[in-house]
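Residues in the sequence shown are numbered consecutively from 119, following my numbering.
Just so it is clear, CB atoms sit at the ideal spot from N, CA and C, and this is done for glycine as well.
All figures in this text were calculated on a predicted structure; none of them were measured in a lab.
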Amino acid sequence: MDLGRHVLEQQESRYAEEEDLYEEEVARLESLPTAFEEGEWSREDLEWIIEWKVGVFTKPTLKHLRKNGDEEIQARIEEAVHESSIRPKVEALTSLNGIGVPVASAILLFINPNRFTVIDERAWNVLQETGYLSQDLSDDPTVEEYLLYLGACWALANEFDVSLRTLDMALWALDINN
119 MDLGRHVLEQ QESRYAEEED LYEEEVARLE SLPTAFEEGE WSREDLEWII EWKVGVFTKP
179 TLKHLRKNGD EEIQARIEEA VHESSIRPKV EALTSLNGIG VPVASAILLF INPNRFTVID
239 ERAWNVLQET GYLSQDLSDD PTVEEYLLYL GACWALANEF DVSLRTLDMA LWALDINN
């Protein structure tokens, strides 16, 4: 499979057709970055991101998340919003019960969609098939894997002059359509 700007841009409509929460995703990508920056996000926003990312695993993930106090969640989100380096952002989020690297990457997407994308097995598979990543994704992705993945995504988005969000949607759609 060859990747290119045209191929990537074509996949956005496929993603929109396949992703049940697409309309709300677009709306939240417009509103949540400002809400996070201004500290006006809600627990419902966070729970929606989790539902969007983990689907059928939403209930167990939320059960674990609810073990964290409101102040702890608030502090870790603020840390992720305001920390300048990526590793501490991810580590702040993954220090919360119920939040692993994939969900942390989803939260980061909604904090700043111009800088972050979501680590996903489907997208990883496409990057591996096309030679942009050489290793398999572990069952419990690490911060190091996210940094590797994010670097590959930044390089591809730059190479093909597309947004990270377009790239992410395209990679997801390319895997389910293969």
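Per DSSP, Y133 is one residue of the alpha helix (DSSP H) stretching across 123-136. Secondary structure within the segment 166-206: not one fully enclosed beta strand (DSSP E) run of 3 or more consecutive residues is present. With a threshold of 16 other beta carbon atoms within 10 Å, D257 falls short and is exposed.
Between the beta-carbon of E263 and that of I225 there is about 17 angstroms, and that puts the pair past the 8 angstroms contact cut. If you draw a straight line from the Cα of A198 to the Cα of Q246, it is about 28 angstroms long. When rounded, the separation of the alpha-carbon atoms in P220 and P259 is 7 angstroms. Distance check between K185 and each of N232, G216, D279 places G216 closest, using alpha-carbon atoms only.
Separation of the CB atoms of L126 and V280 is rounded to 5 angstroms, and the pair is thereby assigned contact status at 8 angstroms.
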